[in-house]
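Asker: Once you've had a glance at the structure underneath, I'll fire off some questions.
Number of protein chains: 2
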Amino acid sequence: MKLQKLYYLSTMKYDEAKSKFLETWGKLGSEWGINRTMAQIHALLLIAPEPLSAEEIMEELNISRGNVNMNVRELIDWDLVNKVLVQGERKEYFSAEKDIWEIAKRVAKERKRREIEPVLKVLEQLSRVEGDKKDKKIKEFANKMGELNNFVSKMDKSVDTMLKADENWFFGSVIKMIR
Amino acid sequence: MKLQKLYYLSTMKYDEAKSKFLETWGKLGSEWGINRTMAQIHALLLIAPEPLSAEEIMEELNISRGNVNMNVRELIDWDLVNKVLVQGERKEYFSAEKDIWEIAKRVAKERKRREIEPVLKVLEQLSRVEGDKKDKKIKEFANKMGELNNFVSKMDKSVDTMLKADENWFFGSVIKMIR
DNA sequence: ATAATCTTTCAATAAATTTTGAAACTTCAA
DNA sequence: TTGAAGTTTCAAAATTTATTGAAAGATTAT
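From first to last, the protein sequence lines are chains A and B. According to my numbering, the residues represented by the first sequence are 1 to 179, in order. According to my numbering, the residues represented by the second sequence are 180 to 358, in order.
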């Protein structure tokens with residue numbers, strides 16, 4: 001039993017490899033605050049050579065129609081998936097953005113907008129806490145909020161830079177400068 | 180009621196500011212796959228001028244002793260918090276790493292080790308799927324896994340670079356090169 | 001030793017999140 | 001129109017994750 005597993009460490013059959021990928025991508029998603037099923041649907045569409053229908057997604061992942069609908073909608077909202085009209089078919093089909101750099105950019109853009117930007121607004125506000133600046137805890141609080149704001153805002157700006165940058169920024173030569 | 184909120188947009192009293200921070204940091208944590216309470220305890224220790232005891236954390240956050248114990252242990256495990264002996268006191272006190280660059284590095288290091296590295300191992304394996312390379316879906320699968328592996332591994336290496344780099348890499352001038 | 005103080009554990013419980021599936025809704029062809 | 005084919009919605013159920021709190025385990029002072 002253990003031996004069999006070791007054997008498959010070097011090569012795997014397609015079906016096994018596929019479910020391993022769906023499982024892995026789903027787990028990664030949930031560790032980073034993305035619904036596991038959403039990540040799995042994304043994984044499935046990512047490796048599908050052709051667009052898939054809701055039916056097909058239901059069957060592949062053993063999930064309900066409602067669940068497919070909600071998560072696909074969310075993926076469309078993130079601009080990672082789009083509806084595809086297949087000629088002569090009434091059903092809707094779905095396909096995922098296949099370019100990894102694009103995927104990374106869209107995820108970064110969305111998380112920045114939804115999660116980082118609101119935090120920045122709050123931090124900026126908190127660094128202007130009112131009160132006796134001689135009070136150690138108040139002074140330190142304001143300082144800490146200022147520091148955090150500064151840090152998160154630098155992160156945020158770096159993400160902006162990345163979003164604007166050509167893919168080459170990352171895959172190409174510029175990255176070597178900071179190695 | 181709306182007016183009052185608007186007033187507080189410019190300045191806030193310390194206690195309000197503090198709970199806003201605890202709430203915000205906790206929410207951010209949970210959006211990124213970190214337990215909300217763990218993030219709140221971290222936030223609390225981050226702004227505390229002196230180390231806090233389990234009792235104090237319990238009271239500040241209205242949570243149970245067991246919850247404090249588990250989450251503080253986890254924070255210690257992440258190397259974000261450490262036990263402090265206060266002279267003449269039997270109780271344990273806790274304090275957080277206060278340097279933001281250090282915090283970022285330790286979080287990055289931990290998530291990389293726990294979440295990214297295992298995924299890399301799987302992707303590498305999956306890119307060597309066995310089967311008929313003439314089969315479109317198998318060929319594309321292997322390609323996609325290779326691409327993903329390549330991408331995630333570049334990300335991973337960039338994090339390594341960051342971890343080894345001086346704080347200056349980020350706060351200083353090099354960052355301007357890629358702006 | 002014994003007791004007092006503090007910490008840890010973990011089964012039970014609560015809370016939050018995800019999923020289901022059937023009904024309502026939409027669209028389109030005949 | 002009507003109904004067949006498909007999509008969406010959302011309250012209820014299932015599942016997952018977090019929290020409690022009391023008992024057991026440590027540690028130190030007396």
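C-beta: ideal position from N, C-alpha, C; glycine also. Quick caveat: nothing in here was measured; it's all calculated off a predicted structure.
Looking at the C-beta of residue 38 of chain A, does it have a partner C-beta in chain B at a distance below 9 angstroms?
Answerer: Not one chain B Cβ lies under 9 angstroms of residue 38 of chain A.
Asker: If you check the beta carbons only, do residue 118 of chain A and residue 86 of chain A fall under 9 angstroms apart?
Answerer: No, they are not a contact pair.
Asker: Output the distance between the C-alpha atoms of residue 7 of chain A and residue 17 of chain A, rounded to the nearest integer angstrom.
Answerer: Low per-residue confidence applies at residue 7 of chain A: pLDDT is 44, beneath 50, and the placement is therefore not dependable enough to give any value.
Asker: Verify whether the separation of the beta carbon atoms of residue 115 of chain A and residue 212 of chain B is less than 9 angstroms.
Answerer: No, the pair does not count as a contact, with Cβ atoms beyond the cut-off.
Asker: What residue range does the alpha helix (DSSP H) around residue 55 of chain A cover?
Answerer: 54 to 61 is the extent of the alpha helix (DSSP H) around residue 55 of chain A.
Asker: Check the Cβ of residue 49 of chain A against every Cβ in chain B and list those closer than 7 angstroms, keeping chain order.
Answerer: The answer, in chain order, is 315, 316, 319.
Asker: Starting from residue 264 of chain B, trace the beta strand (DSSP E) in both directions and tell me its first and last residue.
Answerer: 260 to 264 is the span of the beta strand (DSSP E), which, as asked, contains residue 264 of chain B.
Asker: I need the boundaries of the alpha helix (DSSP H) containing residue 17 of chain A, first residue and last residue.
Answerer: Looking at the DSSP string, the run of the alpha helix (DSSP H) that includes residue 17 of chain A is 14 to 31.
Asker: Kindly confirm or deny that the segment 305 to 313 of chain B and the segment 242 to 255 of chain B touch, where touching means at least three C-beta pairs closer than 8 angstroms.
Answerer: No, they do not touch.
Asker: If contact is defined by three or more beta carbon pairs under 8 angstroms, each pair taking one atom from either stretch, is the segment 155 to 169 of chain A in contact with the segment 80 to 96 of chain A?
Answerer: No, the segment 80 to 96 of chain A does not touch the segment 155 to 169 of chain A.
Asker: Hey, quick one: how far does the alpha helix (DSSP H) through residue 326 of chain B stretch, first residue to last?
Answerer: Where residue 326 of chain B is concerned, the enclosing alpha helix (DSSP H) stretches over 315 to 343.
Asker: Check the C-beta distance from residue 123 of chain A over to residue 159 of chain A and give it rounded, since I have them as a contact under 8 angstroms.
Answerer: Wrong, their Cβ atoms sit about 16 angstroms apart, outside the cutoff.
Asker: Could you name the residues of the segment 189 to 200 of chain B whose beta carbon sits closer than 8 angstroms to any beta carbon of chain A, in the order they occur along the chain?
Answerer: Answer in chain order: 189, 190, 191, 192, 193, 196, 197, 199, 200.
Asker: With a threshold of 7 angstroms on Cβ separation, who are the neighbours of residue 219 of chain B within its own chain once the five nearest residues in sequence on each side are excluded?
Answerer: Cβ neighbours of residue 219 of chain B beyond the five flanking positions: 201, 204, 205, 240.
Asker: Check residue 92 of chain A in the structure and name its three-state DSSP category.
Answerer: In this structure, residue 92 of chain A counts as strand in the three-state DSSP scheme.
Asker: Counting only C-beta atoms, is residue 330 of chain B closer than 9 angstroms to chain A at any point?
Answerer: Yes, residue 330 of chain B counts as interfacial toward chain A.
Asker: Going by the CB atoms, is the gap between residue 47 of chain A and residue 316 of chain B shorter than 9 angstroms?
Answerer: Yes, Cβ-Cβ distance for residue 316 of chain B and residue 47 of chain A is below 9 angstroms.
Asker: Tell me, to the nearest whole angstrom, how far the beta carbon of residue 14 of chain A is from that of residue 320 of chain B; I am working on the premise that it is less than 8 angstroms.
Answerer: The Cβ separation is near 7 angstroms, so the contact holds.
Asker: Which residues in the same chain have their Cβ closer than 7 angstroms to the Cβ of residue 172 of chain A, if we skip the five residues on either side of it in sequence?
Answerer: Answer for residue 172 of chain A: no residue qualifies.
Asker: Suppose you measure from the CA of residue 252 of chain B to the CA of residue 233 of chain B; what does that come to, to the nearest Å?
Answerer: Looking at the two C-alpha atoms, the distance is approximately 11 angstroms.
Asker: Strictly under 9 angstroms for the Cβ-Cβ distance: is residue 2 of chain A near chain B by that measure?
Answerer: Confidence at residue 2 of chain A is low in this model, with a pLDDT of 41, below 50, so the placement of that residue should be treated as unreliable; the coordinate-derived value is given next. Not one chain B Cβ lies under 9 angstroms of residue 2 of chain A.
Asker: If the criterion is Cβ atoms closer than 9 angstroms, does the pair residue 207 of chain B and residue 275 of chain B meet it?
Answerer: Their beta carbons are not under 9 angstroms apart, which means residue 207 of chain B does not touch residue 275 of chain B by this criterion.
Asker: If you measure from the beta carbon of residue 5 of chain A to each beta carbon in chain B, is any gap under 9 angstroms?
Answerer: Any reading at residue 5 of chain A is ruled out, since the residue's pLDDT is 46, under 50, leaving its predicted position unreliable.
Asker: Could you give the distance in angstroms between the alpha-carbon of residue 109 of chain A and the alpha-carbon of residue 333 of chain B?
Answerer: Taking the straight line from one Cα to the other gives about 19 angstroms.
Asker: Verify whether the separation of the beta carbon atoms of residue 342 of chain B and residue 324 of chain B is less than 9 angstroms.
Answerer: Not a contact, by the Cβ cut-off of 9 angstroms.
Asker: I need the DSSP call for residue 49 of chain A, collapsed to helix, strand or coil.
Answerer: Here residue 49 of chain A sits in coil by DSSP.
Asker: Out of B:329, B:279, B:291, which one is the CA nearest neighbour of residue 222 of chain B?
Answerer: Ranking the options by Cα distance to residue 222 of chain B, first place goes to B:279.
Asker: Pull out every residue of the segment 271 to 298 of chain B whose Cβ sits closer than 7 angstroms to any Cβ of chain A, in chain order.
Answerer: Residues 279, 294, 298.
Asker: Verify whether the separation of the beta carbon atoms of residue 37 of chain A and residue 76 of chain A is less than 9 angstroms.
Answerer: No. Outside cutoff.
Asker: At the level of alpha carbons, what is the spacing between residue 112 of chain A and residue 267 of chain B?
Answerer: For residue 112 of chain A and residue 267 of chain B, the distance between alpha carbons rounds to 47 angstroms.
Asker: How many angstroms separate the CA atom of residue 285 of chain B from the CA atom of residue 107 of chain A?
Answerer: Taking the straight line from one Cα to the other gives about 23 angstroms.
Asker: With a cut-off of 9 angstroms, does the C-beta of residue 130 of chain A fall near any C-beta of chain B?
Answerer: So, interface residue.
Asker: Between the Cα of residue 300 of chain B and the Cα atoms of B:236, B:235, B:329, which residue gives the shortest distance?
Answerer: When only C-alpha atoms are compared, the closest one is B:329.
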